[in-house]
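Chains as they are written, first to last, in this note's numbering: chain A, 1 to 296; chain B, 1 to 355.
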Amino acid sequence: MSGSATAPSRRRTIADRLSGLATRFPINKSRTARIGLALTLIVLFVAVASPLIAPYDPIAVDSAQRLQPPSAEHWLGTDQQGRDVLSRTLYGSRISILSAVVIVALAVLIGVTAGIVAGYSGGWIDETLMRIADVFLAFPPLLLAMGVAAALGPSLTNAIIATSLVWWPWYARVARAEALYIKHEGFVDAARTVGASHLRILVTHVLPVARTPIIVQISLSLGAAIVTLASLSFIGLGAQPPVPEWGTMIADGRAYLLNQWWIVTAPGVAIFLTIMAFNLLGDGIQEILSPHERNS
Amino acid sequence: MTRLLEIEDLTIRFRMGGRDVNVLNGVSYSVGKNESVGLVGESGSGKSVTNLAVMGLLPTAILDRGAGRFGDQNMLSMSPRQRQKLRGRQIGMIFQDPMNSLNPVLKIGRQIEEGIILHFRISRVEARRRAIEILRQCELPDAASLLNKYPHELSGGMLQRVMIAAALALEPQLLIADEPTTALDVTVQAQVLDLMSARVRDAGASMLLISHDLGVVASVTDRVNVMYAGSIVETGPSKEVFLRPRHPYTVGLVHSIPSLSDDGPVVPIEGSAPDLSNLPRGCPFAPRCRWRIAVCYDVKPALAPVEGLDGSAPRLLACHNPATAEEAATGKPAAKPAVPDEAAATLSSHHSGAC
């Protein structure tokens with residue numbers, strides 16, 4: 001046995017878990033993942049710390065300072081109502097990231113549940129669930145989200161619900177494919193012979209094995225969720241003014257695009273960087289977890 | 001001897017590609033209390049299907065007829081709930097491939113404790129204590145740290161011991177082991193087998209051992225059933241059957257195992273197992289049998305008691321022309337088959353390269 005016996009066991013377990021995590025996700029093996037992780041951490045830091053680092057109140061109107069170009073006072077200038085663009089952009093990260101997490105969490109909840117139940121049960125349950133998923137997949141994602149958001153009424157909450165409804169079939173497909181092969185594994189039969197119920201097998205045996213591709217799918221769709229939400233906000237179906245949401249900010253600033261370029265540029269660049277962070281992280285995780293690319 | 005498990009006239013048909021596949025054709029056998037019983041046959045003889053049917057892991061639709069009793073319970077009329085309670089708690093099972101029988105992403109401890117908590121409704125701490133105890137009994141060193149390992153960190157032999165421990169932890173009355181040592185290194189096969197039968201005996205349980213290796217089965221069981229093409233062809237005391245086989249198929253099985261003590265050549269069983277969707281009218285073994293007589297192609301022999309050779313214990317045999325003691329010892333019939341091989345041409349052209 002290695003390690004000292006006197007070491008507090010609690011600390012040991014945490015260290016064990018961290019090293020376990022590092023073994024399972026060897027982040028240093030992929031440069032993509034490293035860059036993605038660094039950018040993601042920066043974005044997350046900004047989101048958490050925006051009240052501390054933002055120089056101004058993001059919704060405070062100051063009509064004397066309307067449409068100011070970038071200066072020492074307002075690094076990224078001000079918008080048509082004299083609000084500080086930098087502060088609004090920083091605060092915007094909170095809404096985007098929080099919404100993206102909620103969207104993906106909802107989509108995972110619906111999609112993974114439907115998917116593993118479909119794949120594990122087979123037969124008419126599988127057919128029914130997957131044909132419902134196909135109905136959702138038949139529409140272009142943004143169009144479907146627009147339709148749902150418009151039907152529910154324009155608000156951030158409804159935009160989140162609409163976007164989740166667009167994403168869940170993808171999780172259902174991934175989870176179903178995993179469940180389809182896991183259910184034929186020996187340990188599922190073994191669990192049956194021990195007297196485990198189907199529900200128990202789904203939760204304790206199928207789900208943990210299926211988590212890897214689901215994690216990859218999550219990291220890949222976070223960025224897309226942000227774009228979809230920003231798009232909905234841009235056309236007025238998402239966050240409503242004066243909420244500092246990136247899509248809304250771009251929509252507000254597009255009238256001034258030619259002369260006051262900074263109003264749309266800041267949130268645009270923010271969207272770009274955030275999505276790139278998530279996508280690089282997602283690609284990196286996929287690279288790490290995929291055995292085909294592990295050696296290259 | 002009181003009977004624990006009794007299977008009667010079990011007949012199972014699969015429908016595959018529009019054809020009926022006769023997987024089991026009226027199989028009857030029993031396992032008594034404190035008894036070890038073997039089920040031997042080559043791949044496709046139906047030995048694994050038999051036990052999946054016992055565990056209720058096959059879709060019931062394919063069951064043609066038959067009866068199964070466990071203790072005083074009728075296994076075929078059970079509700080899924082009753083059957084779920086029976087599994088593990090009363091009938092434990094060990095599979096062929098230990099690497100595949102444990103979930104690769106879960107720690108060993110969690111997987112052993114799962115069954116214990118499920119059936120005994122005790123706390124996780126208590127379950128862990130029991131798991132450690134049973135692992136020790138199964139001669140696994142450092143049981144406590146083993147519980148925190150993942151299956152891939154253990155060797156095949158250790159994993160199979162873990163599986164045995166997990167099954168025995170539920171204190172079943174019957175342990176079904178389906179080719180428990182086939183996936184293991186030869187060096188640990190005997191260890192694992194001895195351990196398993198010793199622990200089963202200690203626990204006062206019964207064992208049903210399924211294997212293609214008659215030698216392995218004979219060494220640890222009291223009685224053996226030899227299966228061919230979905231039927232039992234010979235059944236009797238294990239040592240007896242192994243040392244003095246009567247059915248030509250059993251003779252073939254015994255002589256197809258290379259032996260160090262015996263300089264005689266290894267005699268393979270010619271041909272291959274019959275197509276289960278197109279079984280012959282007579283004895284299914286007739287086309288490969290070197291003892292066959294005319295009646296073999298017409299009438300399927302029933303399993304009937306015959307006197308043992310040299311006045312030994314009687315056994316059940318399904319054969320029109322069983323081997324004599326001398327023939328059993330040499331593995332060859334004394335005379336050439338009386339009936340020419342109807343399918344000789346097809347057999348030799350298809351299987352000339354088979355070993």
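Ideal placement from N, C-alpha and C gives every residue a C-beta, glycine not left out. Keep in mind the model is a prediction, meaning the values are calculated, not measured.
Classify residue 14 of chain B as helix, strand or coil using the three-state DSSP reduction. The residue labelled residue 14 of chain B in the question sits at position 14 within the second sequence. Looking at residue 14 of chain B - three-state DSSP - the assignment turns out to be strand.
Is residue 206 of chain B buried or exposed, if buried means 16 or more other CB atoms sit within 10 Å of its CB? Mapped onto the second sequence, residue 206 of chain B falls at position 206. By the 10 Å Cβ count, residue 206 of chain B comes out buried.
Write down the C-beta distance between residue 57 of chain B and residue 68 of chain B rounded to the nearest angstrom, noting that I regard them as a contact closer than 8 Å. As a first step, residue 57 of chain B must be located in the second sequence, where it is residue number 57. As a first step, residue 68 of chain B must be located in the second sequence, where it is residue number 68. Wrong, their Cβ atoms sit about 13 Å apart, outside the cutoff.
Can you find a CB in chain A that lies within less than 7 Å of the CB of residue 97 of chain B? Within the second sequence, numbered from 1, the residue matching residue 97 of chain B stands at position 97. Yes, residue 97 of chain B counts as interfacial toward chain A.
With distances taken Cα to Cα, identify the nearest neighbour of residue 71 of chain A among A:84, A:62, A:59 and A:63. Taking the first residue of the first sequence as 1, we reach residue 71 of chain A at position 71. Among A:84, A:62, A:59 and A:63, the Cα nearest to that of residue 71 of chain A is on A:84.
Just to check my reading of the structure: residue 69 of chain A and residue 77 of chain A have Cβ atoms closer than 8 Å, yes? What is that Cβ distance to the nearest angstrom? Counting from one through the first sequence, the residue named residue 69 of chain A turns up at place 69. Counting from one through the first sequence, the residue named residue 77 of chain A turns up at place 77. The pair is a contact, with the Cβ atoms about 5 Å apart (cut-off 8 Å).
From the beta carbon of residue 45 of chain B, is the nearest beta carbon of chain A less than 7 Å away? Residue mapping note: residue 45 of chain B aligns to position 45 of the second sequence, counting from 1. No, its Cβ sits nowhere closer than 7 Å to a Cβ of chain A.
Determine the chain A residues that contact residue 87 of chain B at a beta-carbon separation under 8 Å, and present them in chain order. For the purposes of this step, residue 87 of chain B is taken as the residue at position 87 of the second sequence. Those within 8 Å of residue 87 of chain B in chain A are 192, 193, 194 and 195.
How would you write the range of the alpha helix (DSSP H) that residue 134 of chain A sits in, first residue to last? Residue mapping note: residue 134 of chain A aligns to position 134 of the first sequence, counting from 1. Looking at the DSSP string, the run of the alpha helix (DSSP H) that includes residue 134 of chain A is 123-137.
Would you kindly check if the distance between the Cβ of residue 163 of chain B and the Cβ of residue 98 of chain B is under 7 Å? Taking the second sequence and counting its residues from 1, the one referred to as residue 98 of chain B is at position 98. Taking the second sequence and counting its residues from 1, the one referred to as residue 163 of chain B is at position 163. Yes, the pair counts as a contact, with Cβ atoms nearer than the cut-off.
Please check if any C-beta of chain B sits within less than 7 Å of the C-beta of residue 206 of chain A. For the purposes of this step, residue 206 of chain A is taken as the residue at position 206 of the first sequence. Not an interface residue.
Where residue 227 of chain B falls, given that 16 or more other Cβ within 10 Å makes a residue buried: In the second sequence, the residue the question calls residue 227 of chain B occupies position 227. It counts as buried.
So which residues on chain B does residue 209 of chain A lean against when the C-beta distance must stay under 9 Å? Counting from 1 along the first sequence, the entry for residue 209 of chain A is found at position 209. Near residue 209 of chain A (Cβ distances below 9 Å), the residues of chain B are 103, 104, 105 and 106.
Residue-chain proximity (residue 186 of chain A, chain B), Cβ-Cβ < 7 Å: Taking the first residue of the first sequence as 1, we reach residue 186 of chain A at position 186. Yes, residue 186 of chain A counts as interfacial toward chain B.
Beta-carbon neighbours of residue 119 of chain B, restricted to chain A and to distances below 9 Å: Position 119 of the second sequence holds residue 119 of chain B. Here the neighbours are 194 and 195.
Length of the line joining the Cα atoms of residue 253 of chain B and residue 104 of chain B: Residue numbering aside, residue 253 of chain B sits at position 253 when the second sequence is read from its first letter. Residue numbering aside, residue 104 of chain B sits at position 104 when the second sequence is read from its first letter. Rounded to the nearest angstrom, the two C-alpha atoms are 36 Å apart.
Check the Cβ of residue 115 of chain B against every Cβ in chain A and list those closer than 9 Å, keeping chain order. Indexing the second sequence from 1 puts residue 115 of chain B at position 115. By Cβ distance, chain A contributes 191, 194, 195 and 196.
Which residue from B:204, B:241, B:125 and B:66 puts its Cα closest to that of residue 218 of chain B? As a working note, residue 218 of chain B is residue 218 in the second sequence. Residue 218 of chain B has its Cα closest to that of B:241, out of B:204, B:241, B:125 and B:66.
At what residue ranges does the segment 220-269 of chain B contain a whole run of the beta strand (DSSP E), taking only runs of 3 or more? 223-228 and 231-237
Across the segment 176-183 of chain B and the segment 78-94 of chain B, are there enough close Cβ pairs to call them in contact, namely three or more that are closer than 8 Å? yes
Determine whether the Cβ of residue 73 of chain B lies closer than 7 Å to any Cβ atom of chain A. Within the second sequence, residue 73 of chain B is the residue found at index 73, counting from 1. With 7 Å as the cut-off, residue 73 of chain B does not count as an interface residue toward chain A.
Let me know the secondary structure DSSP gives residue 128 of chain B once reduced to three states. Start at 1 with the first residue of the second sequence, and residue 128 of chain B comes out as number 128. Correct three-state label for residue 128 of chain B: helix.
Does the beta-carbon distance from residue 247 of chain A to residue 270 of chain A come in below 7 Å? Numbered from 1 along the first sequence, position 247 holds the residue referred to as residue 247 of chain A. Numbered from 1 along the first sequence, position 270 holds the residue referred to as residue 270 of chain A. No, the pair does not count as a contact, with Cβ atoms beyond the cut-off.
Put residue 345 of chain B into one of helix, strand or coil per three-state DSSP. In the second sequence, counting from the first residue as 1, residue 345 of chain B sits at position 345. Residue confidence is low: residue 345 of chain B scores 41 on pLDDT, short of 50, so the model does not pin down where it sits. Its coordinate-derived value is still stated next. In the structure shown, residue 345 of chain B sits in a helix (DSSP, three-state: H, G or I).
When the Cβ atoms of the segment 128-146 of chain A are set against those of the segment 223-238 of chain A, are three or more pairs found closer than 8 Å? yes
Report the partner residues of residue 297 of chain B according to the DSSP bridge assignment. Translated into positions along the second sequence, residue 297 of chain B becomes position 297. BP columns for residue 297 of chain B are empty, so no partner.
Apart from the five residues just before and just after residue 193 of chain B, which ones in its own chain have a Cβ nearer than 6 Å to its Cβ? Here residue 193 of chain B refers to the residue found at position 193 when the second sequence is read from its first residue. Correct list, in chain order: 181 and 220.
Among B:239, B:318, B:232 and B:303, whose alpha-carbon lies nearest the alpha-carbon of residue 42 of chain B? The residue given as residue 42 of chain B occupies position 42 in the second sequence. Of B:239, B:318, B:232 and B:303, the residue nearest in Cα terms is B:232.
Could you work out which residues of chain A lie near residue 84 of chain B, taking near to mean beta carbons separated by less than 9 Å? Indexing the second sequence from 1 puts residue 84 of chain B at position 84. Simply 192, 195, 196 and 197.
Would you call residue 18 of chain B buried or exposed, if buried means 16 or more other Cβ atoms sit within 10 Å of its Cβ? Mapped onto the second sequence, residue 18 of chain B falls at position 18. Exposed, since its Cβ has fewer than 16 Cβ neighbours within 10 Å.
Taking a contact to mean a Cβ-Cβ separation below 7 Å, would you say residue 327 of chain B touches residue 335 of chain B in this structure? Working through the second sequence from its first residue, we reach residue 327 of chain B at position 327. Working through the second sequence from its first residue, we reach residue 335 of chain B at position 335. Contact: no.
Range covered by the beta strand (DSSP E) that runs through residue 60 of chain A: Translated into positions along the first sequence, residue 60 of chain A becomes position 60. That residue, residue 60 of chain A, is in no beta strand (DSSP E); it is neither H nor E in DSSP.
Report yes or no: do three or more beta-carbon pairs, one from the segment 129-143 of chain A and one from the segment 106-120 of chain A, lie closer than 8 Å? yes
Could you check the C-alpha separation between residue 141 of chain A and residue 16 of chain A for me, to the nearest Å? Within the first sequence, numbered from 1, the residue matching residue 141 of chain A stands at position 141. Within the first sequence, numbered from 1, the residue matching residue 16 of chain A stands at position 16. Straight-line Cα distance between these residues: approximately 42 Å.
Measure how close the beta-carbons of residue 140 of chain B and residue 88 of chain B come, nearest whole angstrom, since I'm counting them as under 8 Å. Against the second sequence, residue 140 of chain B aligns to sequence position 140. Against the second sequence, residue 88 of chain B aligns to sequence position 88. Their Cβ separation, rounded to whole angstroms, is 20 Å, which puts residue 140 of chain B and residue 88 of chain B out of contact at 8 Å.
Looking at the strands, I want to know which residues DSSP matches up with residue 29 of chain B. Mapped onto the second sequence, residue 29 of chain B falls at position 29. For residue 29 of chain B, which the question treats as bridged, DSSP gives the partners B:7.
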